[in-house]
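Engineer:
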Amino acid sequence: MAAEEPALPWTVHVHFENDLFTGTDRDYTSGLKVSLISPDLVSFVESGKLPEWSLEYIYRLPFINDPDPALKRKVEFSLGQNMYTPADTDRHDLIVDDRPYAGWTYFAAAFHTKSNKRMDTIELQLGMVGPGSFAEETQNLVHDLLDQQRANGWEHQLKNEPGMAAIYERKWHLAPFFSRGSFAIDAITHLGGALGNVVTYANTGFETRLGWNLPDDFGVSLIRPAGNTSFSVRQQQGGYLFAAVDSRAVLRSIFLDGNTFAHSHSVSKKPFVADLAVGAAVYFQQFKLTLTQALRTRQFDGQADNHAFGSLTLSFFF
Numbered sequence: 039m040a041a042e043e044p045a046l047p048w049t050v051h052v053h054f055e056n057d058l059f060t061g062t063d064r065d066y067t068s069g070l071k072v073s074l075i076s077p078d079l080v081s082f083v084e085s086g087k088l089p090e091w092s093l094e095y096i097y098r099l100p101f102i103n104d105p106d107p108a109l110k111r112k113v114e115f116s117l118g119q120n121m122y123t124p125a126d127t128d129r130h131d132l133i134v135d136d137r138p139y140a141g142w143t144y145f146a147a148a149f150h151t152k153s154n155k156r157m158d159t160i161e162l163q164l165g166m167v168g169p170g171s172f173a174e175e176t177q178n179l180v181h182d183l184l185d186q187q188r189a190n191g192w193e194h195q196l197k198n199e200p201g202m203a204a205i206y207e208r209k210w211h212l213a214p215f216f217s218r219g220s221f222a223i224d225a226i227t228h229l230g231g232a233l234g235n236v237v238t239y240a241n242t243g244f245e246t247r248l249g250w251n252l253p254d255d256f257g258v259s260l261i262r263p264a265g266n267t268s269f270s271v272r273q274q275q276g277g278y279l280f281a282a283v284d285s286r287a288v289l290r291s292i293f294l295d296g297n298t299f300a301h302s303h304s305v306s307k308k309p310f311v312a313d314l315a316v317g318a319a320v321y322f323q324q325f326k327l328t329l330t331q332a333l334r335t336r337q338f339d340g341q342a343d344n345h346a347f348g349s350l351t352l353s354f355f356f
C-alpha cells in the first residue's frame with residue numbers, strides 16, 4: 039500500500055507596522071495584521087477547507103475561477119487593526135487642519151489563484167470604523183506599557199460606521215533578468231483596485247529583489263488590501279534586499295474624507311499617493327523575517343511632511 043503524501047503546511051503571517059521605528063507618532067501610526075493562509079489547493083471545492091454554503095458565492099467571483107488544472111489556489115483569513123492620528127496628540131480640541139483620529143478593525147477573507155508567474159487575488163473586508171474599532175483602547179494600552187503619554191484627542195475620532203471593501207489585484211512574477219549561481223535579480227509588478235465605503239482606489243506598482251536563493255513567491259508587501267503573498271515551502275535558506283513602490287489614485291478614504299453617512303471631521307485629500315519601501319528579508323527552514331522602511335507621500339492638503347514608518351513581518355508554516 040502506497041504511503042500517504044504528507045499534508046502540506048499552512049502559513050501564518052504576522053505584520054506589525056508602526057512609526058515608533060522612525061520616532062514619530064502621527065498619521066498612519068500603527069497597523070497590526072495576522073493572517074492564516076492555506077496550502078496550495080487544486081480547487082476551492084475539493085479542498086474541503088471551506089464551508090459548503092460559501093462555495094456558491096466563491097464560484098461567482100471573477101478572475102479566480104479559471105478551471106486550468108495547472109493553477110493552484112490559496113484561501114487566506116486575516117484579522118487586522120489600523121489607527122490614524124493627527125500630528126499633535128497633546129491637544130484636547132478638534133484640530134481642524136489635520137486629519138481625524140480614526141481606527142479600523144476588520145476581518146478579511148482572500149482567495150488567491152496562481153501559476154508560477156501570475157497570481158490573482160480577490161479580498162473581501164468587513165469591519166468597524168470609529169469607537170467600535172477599539173483603536174483608542176489599543177493605543178492607550180501600548181502607550182501605558184511603554185510609559186508614554188496618551189493621546190488626548192480621541193473624543194474627536196470618526197463615528198461608528200460598519201466598513202466594507204472589495205479588492206482585486208493581479209501580480210506578475212517576472213523571470214530573473216540577472217542570474218549567476220544562487221544569486222539573482224528579479225521583479226514583481228501588480229495592478230488592482232478597491233471599492234467600498236472605507237477605501238476606493240486604483241493602484242499599481244512593482245518590486246525588485248536581489249539576493250540568494252530568491253523564493254518562488256510574489257514578493258514583500260506592507261499592510262494593504264490583497265497585499266499578502268504566498269510563502270514558498272520549497273525555499274532554501276537565503277535572503278535578499280528589495281525596493282518597492284505602490285501608487286494609488288484615491289477616490290475615497292474614510293480616514294480622510296470622514297464618515298459616509300454622518301457628519302464628521304474631514305480634510306481635503308490628495309488624489310494620488312505613493313508608498314516607497316526598501317528592506318531586507320531572510321528565510322531559513324520554516325521561518326521568514328522581513329524588515330521594511332516605508333515612506334508615504336502626503337495624503338492631504340496641509341500635511342506638513344511625507345510620513346515614514348517601519349514594518350516587521352514574521353512568516354512561518356506549520
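In terms of the numbering used here, the sequence shown opens at residue 39 and continues consecutively.
For every residue, glycine included, the Cβ atom is placed at its ideal position computed from N, Cα and C.
This one's a predicted model, so the numbers in the text were calculated from it and none came from an experiment.
#1: Sorted by chain position, which residues of the same chain lie with C-beta nearer than 8 Å to ARG156's C-beta, five sequence neighbours on each side aside?
#2: Look at the alpha carbon of GLU245 and the alpha carbon of GLU114, and state the distance between them as a whole number of angstroms.
#3: Please look up how many angstroms separate the CB atoms of LEU79 and LYS110, rounded, as I've assumed it's under 8 Å.
#4: Kindly indicate which three-state DSSP category PHE280 falls into: helix, strand or coil?
#5: For GLN323, count neighbouring Cβ atoms within 10 angstroms of its own Cβ and tell me buried if that reaches 16, exposed if not.
#6: Tell me TRP250's beta-bridge partners as DSSP assigns them.
#7: Spatial neighbours of LYS152 within its chain, please: CB distance less than 6 Å, with the 5 preceding and 5 following residues excluded, ordered by chain position.
#8: Quick one, which of THR143, ASP313, LEU352 has its alpha-carbon nearest HIS345's?
#9: Given a threshold of 16 other Cβ atoms within 10 Å of its Cβ, counted over all protein chains shown, does ALA40 qualify as buried or as exposed?
#10: Rounded to whole angstroms, what's the CA-CA distance from PHE54 to TYR206? Just pull it up for me.
#11: What does GLU114 pair with, by DSSP beta-bridge criteria?
#12: Cα-Cα, which of SER73, SER259, TRP250, HIS181 is closest to TYR144?
#13: In or out: SER220 buried (at least 16 other Cβ within 10 Å) or exposed?
#14: Assuming SER399 and LEU260 make a contact with CB atoms under 8 Å, what is their CB distance in whole Å?
#15: Using the Cα positions of PHE299 and SER291, report the straight-line distance between them to the nearest angstrom.
#16: Measuring only the C-alpha atoms, how far is ALA281 from LEU229?
Structural biologist: With the given structure in hand:
#1: Position 118 of the sequence shown holds residue 156. Cβ within range, chain order: ARG208, LYS209, TRP210, HIS211.
#2: Translated into positions along the sequence shown, residue 245 becomes position 207. Translated into positions along the sequence shown, residue 114 becomes position 76. Distance between the alpha carbons of GLU245 and GLU114 is about 22 Å.
#3: As a working note, residue 79 is residue 41 in the sequence shown. As a working note, residue 110 is residue 72 in the sequence shown. So it is a contact: roughly 7 Å between Cβ atoms.
#4: For this step, residue 280 is matched to residue 242 along the sequence shown. Reduced to three states, the DSSP call for PHE280 is strand.
#5: Position 285 of the sequence shown, counted from the first residue, corresponds to residue 323. Exposed, since its Cβ has fewer than 16 Cβ neighbours within 10 Å.
#6: In the sequence shown, counting from the first residue as 1, residue 250 sits at position 212. Answer by DSSP bridge pairing, in chain order: PHE221, GLY277.
#7: To locate residue 152, count along the sequence shown from 1; it is residue 114. Excluding positions up to five away in sequence, the list reads LYS110.
#8: One-based indexing of the sequence shown puts residue 345 at position 307. Among THR143, ASP313, LEU352, the Cα nearest to that of HIS345 is on ASP313.
#9: The residue labelled residue 40 in the question sits at position 2 within the sequence shown. Interpretation of ALA40 is limited by its pLDDT of 44, a score under 50 that renders its predicted location unreliable; the figure taken from the coordinates is listed afterwards. Under this definition ALA40 is an exposed residue.
#10: Taking the first residue of the sequence shown as position 1, residue 54 is located at position 16. Taking the first residue of the sequence shown as position 1, residue 206 is located at position 168. Rounded to the nearest angstrom, the two C-alpha atoms are 23 Å apart.
#11: Against the sequence shown, residue 114 aligns to sequence position 76. Per DSSP, ILE75, ALA148.
#12: In the sequence shown, residue 144 corresponds to position 106, counting from 1. Measuring from the Cα of TYR144, the nearest candidate turns out to be SER73.
#13: One-based indexing of the sequence shown puts residue 220 at position 182. By the neighbour-count rule (16 or more Cβ atoms within 10 Å), SER220 is not buried but exposed.
#14: As displayed, the chain neither begins before 39 nor continues past 356, which places residue 399 out of reach and without an answer.
#15: Locating residue 299 in the sequence shown gives position 261, where the first residue counts as 1. Locating residue 291 in the sequence shown gives position 253, where the first residue counts as 1. Their Cα atoms are separated by approximately 14 Å.
#16: Locating residue 281 in the sequence shown gives position 243, counting from the first residue. Locating residue 229 in the sequence shown gives position 191, counting from the first residue. Using only the alpha carbons, I get a separation of about 17 Å.
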